Amino acid sequence: MYRALRRTIRFLKEKGGVVVFSVENIGHQRWIHPASAAVLALFDGQNDDEQVRADIARLFLVEPGKAETIQAKVLRNFGDTLDTFDQQRASSLRYVAKDLLYEPEGPMAAKRLSQPIEVAWLITERCHCSCRYCCIRTAPAAAEMPEMSTEQALAFADDCVGTGVQKVFVHGGEPFLRTDTTAVIARLLAGGIFVQTSTKRRLARDMVRDLANAGLEELQLSIDTVRPELAEELIGIEGYLDRVAFPNLELLLEHGIRPRVNTVVMSYNVAEIPSLLRALAARGVRRFTLSGYLRGDWRHDDRHFAGGDALAVMAQQVGALVEQEGLDVELPPLGSPRDLSIGGKRYASCGGGSSGLVVGADGRVSLCDRLLPYPETEVGNVTRSSLMEIWQSPQLEALVSPDPEDFCGTACDGCDQLEACSRRIRCYHRALRISGRLFGPDYLCDVVPAPPIRYF
Ligand SMILES: C[S@@+](CC[C@H](N)C(=O)[O-])C[C@H]1O[C@@H](n2cnc3c(N)ncnc32)[C@H](O)[C@@H]1O
Ligand code: SF4
Ligand code: SF4
Numbered sequence: 002m003y004r005a006l007r008r009t010i011r012f013l014k015e016k017g018g019v020v021v022f023s024v025e026n027i028g029h030q031r032w033i034h035p036a037s038a039a040v041l042a043l044f045d046g047q048n049d050d051e052q053v054r055a056d057i058a059r060l061f062l063v064e065p066g067k068a069e070t071i072q073a074k075v076l077r078n079f080g081d082t083l084d085t086f087d088q089q090r091a092s093s094l095r096y097v098a099k100d101l102l103y104e105p106e107g108p109m110a111a112k113r114l115s116q117p118i119e120v121a122w123l124i125t126e127r128c129h130c131s132c133r134y135c136c137i138r139t140a141p142a143a144a145e146m147p148e149m150s151t152e153q154a155l156a157f158a159d160d161c162v163g164t165g166v167q168k169v170f171v172h173g174g175e176p177f178l179r180t181d182t183t184a185v186i187a188r189l190l191a192g193g194i195f196v197q198t199s200t201k202r203r204l205a206r207d208m209v210r211d212l213a214n215a216g217l218e219e220l221q222l223s224i225d226t227v228r229p230e231l232a233e234e235l236i237g238i239e240g241y242l243d244r245v246a247f248p249n250l251e252l253l254l255e256h257g258i259r260p261r262v263n264t265v266v267m268s269y270n271v272a273e274i275p276s277l278l279r280a281l282a283a284r285g286v287r288r289f290t291l292s293g294y295l296r297g298d299w300r301h302d303d304r305h306f307a308g309g310d311a312l313a314v315m316a317q318q319v320g321a322l323v324e325q326e327g328l329d330v331e332l333p334p335l336g337s338p339r340d341l342s343i344g345g346k347r348y349a350s351c352g353g354g355s356s357g358l359v360v361g362a363d364g365r366v367s368l369c370d371r372l373l374p375y376p377e378t379e380v381g382n383v384t385r386s387s388l389m390e391i392w393q394s395p396q397l398e399a400l401v402s403p404d405p406e407d408f409c410g411t412a413c414d415g416c417d418q419l420e421a422c423s424r425r426i427r428c429y430h431r432a433l434r435i436s437g438r439l440f441g442p443d444y445l446c447d448v449v450p451a452p453p454i455r456y457f
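Numbering-wise, the sequence shown is residues 2 to 457 according to the numbering used here.
So this is what it looks like as structure tokens:
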């Protein structure tokens with residue numbers, strides 16, 4: 002049996018241990034002992050299990066019997082980070098086992114990582130669409146607004162690579178309104194960064210060819226419905242499906258880039274989801290993300306929310322379809338996060354400031370794309386400072402570990418959960434929405450009465 006570390010798996014060496022995560026699901030991070038990470042690193046697809054056991058014996062200076070026990074334990078606990086093959090592969094060695102041998106110091110799960118591993122980059126905040134549900138405060142495509150120059154954007158891409166960022170989500174606005182977005186993506190990919198990007202713009206053939214040549218494996222197409230009139234109504238673009246989405250899909254397939262469809266599930270399309278999946282599967286799409294509608298404060302309308310019952314029916318139907326058609330479908334959260342959170346006595350935690358950052362078109366940095374329009378959440382600008390300087394800045398620290406004084410006059414003032422809530426990284430957007438201030442109770446808080454607005 003041959004095994005190799007999955008291509009999406011990344012390690013980050015921290016004082017307290019090695020953080021293991023998949024670039025496809027950065028929110029799920031496991032802290033493991035460096036010795037276990039060192040063993041995982043030995044699986045390179047070229048050496049079979051027996052040879053790996055011999056490597057373990059050499060690395061840890063142990064007898065073969067002990068090496069076998071170590072291998073079995075690591076496979077039992079972390080086998081899901083490995084791909085398995087019957088045949089030998091060319092070596093895919095990504096981490097050097099010896100470099101992962103160190104004595105951890107301090108707690109295993111630190112509040113925040115020593116560096117950002119993920120960046121969401123709104124490379125432009127301009128957009129040619131006017132999606133009714135968009136949670137980003139966009140400007141029209143032709144608007145004059147400050148944006149990083151190509152030189153600055155490429156320098157920032159280099160900074161991401163140098164800092165050890167593992168994933169960049171290039172979005173916006175409409176990322177492909179910029180003619181240099183392809184070059185920026187190519188620079189990130191060349192630096193070993195996993196790039197995710199998303200579009201509602203008709204892509205030119207040479208652009209898709211360049212992206213394929215640069216090594217982009219997957220590109221997200223946003224398709225919320227296969228009903229042409231509804232698509233036009235939701236997005237504000239005439240002929241969106243026939244003139245944009247479907248031609249893009251064909252171009253991607255032609256160039257070997259896997260299309261992933263993102264569908265925002267709302268009241269208007271929730272009943273249509275199974276037929277949407279079938280129709281797009283017939284056109285060659287295998288991967289889907291069904292996103293829950295997120296409340297923004299730009300074009301928000303409560304009518305966009307799908308009802309809980311409709312979501313449950315949809316999830317059941319999709320489950321059956323996934324089995325039948327062998328599709329890869331990520332479902333939206335089912336049930337109210339507020340109820341789930343309060344029932345479980347824990348609030349959803351956020352990666353903003355703990356494992357990642359959001360960068361706006363002009364280089365300003367915040368915790369979350371929906372907070373970018375609020376200058377009080379700006380923690381730096383990548384055209385003036387490096388990502389690491391911003392990561393270690395007092396401005397970011399003040400949001401990640403807020404001063405209890407900031408909460409004076411709110412329910413959090415004197416609350417015995419204050420430290421625990423800050424430890425999870427507060428959602429300042431939710432706090433703003435319910436109390437009009439950053440430093441206040443979270444929407445998910447079970448100490449204050451249920452807020453009068455619906456957030457999820
Ligand atoms: C903000 S857009 C940027 C990229 C590009 N303009 C697009 O629409 O694909 C990224 C993704 O977020 C989705 N999105 C926008 N507003 C949303 C909301 N309120 N809730 C959930 N997803 C949303 C879009 O449909 C798209 O798939
Ligand atoms: S969802 Fe994307 S395409 Fe639609 S308005 Fe927002 S940024 Fe533009
Ligand atoms: S959000 Fe709620 S639980 Fe947390 S500190 Fe404030 S009042 Fe206490």
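Glycine included, every Cβ here is placed at the ideal spot set by N, Cα and C.
These numbers were taken from a predicted model, which means no experiment stands behind them.
Contact between the stretch 382-402 and the stretch 159-168 is present: 3 or more CB-CB pairs across the two stretches fall below 8 Å. The secondary-structure analysis by DSSP pairs Val265 across a beta bridge with Ser292. DSSP places Phe408 within a helical segment (H, G or I) once states are collapsed to three.
The three-state reading of DSSP puts Pro147 in coil, since its state is none of H, G, I, E or B. Relative to ligand 1, the beta carbon of Glu273 is positioned no closer than 8 Å to any heavy atom.
In this structure, Val196 places its C-beta atom within 9 Å of the C-beta atom of Leu190. Residue burial annotation: Pro334 is exposed, with fewer than 16 other C-beta atoms found within 10 angstroms of its C-beta. Distances from the CB of Val330 to the heavy atoms of ligand 3 are all 8 Å or more. Between the C-alpha atoms of Thr125 and Leu62 there is a straight-line separation of about 54 Å.
Residue environment analysis places Lys16 among the exposed positions, since fewer than 16 neighbouring C-beta atoms fall within 10 angstroms of its C-beta. Looking at the DSSP output, Arg202 bridges to nothing.
For Thr85, the uninterrupted beta strand (DSSP E) run begins and ends at 83-86, by DSSP.
Per DSSP, Ser223 is one residue of the beta strand (DSSP E) stretching across 219-223.
The closest heavy atom of ligand 3 lies 8 Å or more from the beta carbon of Val401.
By the 16-neighbour rule on beta-carbons within 10 angstroms, Ser223 is buried.
The beta carbon of Arg4 sits closer than 6 Å to those of Phe44, Leu83, Thr85, all from its chain and outside the five residues before and after it, given in chain order.
Considered as a whole, the stretch 164-205 harbours 168-173, 195-200 as its complete beta strand (DSSP E) runs of no fewer than 3 residues, in chain order. Taken from the Cβ of Val265, at least one heavy atom of ligand 1 lies inside 8 Å. Residue environment for Arg365: buried (at least 16 other C-beta atoms within 10 angstroms of its C-beta). Annotation: Gln89 is outside any beta strand (DSSP E) and is labelled neither H nor E by DSSP. Inside the stretch 14-95, DSSP marks whole alpha helix (DSSP H) runs of 4 or more residues at positions 35-43, 50-61, 65-79, from first to last along the chain. In this structure, Tyr96 sits away from Ala58, with a CB-CB distance that is not shorter than 9 Å. In this structure, ligand 1 has a non-hydrogen atom nearer than 8 Å to the beta-carbon of Ser199. Boundaries cannot be given for Arg228, as no beta strand (DSSP E) includes it and DSSP labels it neither H nor E. Between the beta-carbon of Asp370 and that of Ala121 there is about 6 Å, and that keeps the pair under the 8 Å contact cut. No Cβ-Cβ contact shorter than 9 Å links Tyr429 with Leu358. Put simply, the stretch 440-448 touches the stretch 403-423. At least three CB pairs are less than 8 Å apart. Judged by DSSP secondary structure, Ala5 falls within the beta strand (DSSP E) whose first and last residues are 3-6. Taking each of Pro105, Pro176, Lys99, Lys168 in turn and checking the Cα distance to Cys130, the smallest one comes out for Pro176. Boundaries of the alpha helix (DSSP H) around Ser436: 429-436. DSSP places Thr125 within a strand segment (E or B) once states are collapsed to three. Judged by the Cβ position, Ser223 qualifies as a neighbour of ligand 2 at the 8 Å threshold, a heavy atom of the ligand being closer than this. DSSP, read as helix, strand or coil, puts Gly357 in strand.
Proximity to Ser292 across Ala280, Arg304, Arg284, Leu312 peaks at Leu312, based on C-alpha coordinates. The criterion of a C-beta distance shorter than 9 Å is satisfied by Ile118 and Leu13. According to the DSSP secondary-structure assignment, Val366 is paired through a beta bridge with Val360, Gly381.
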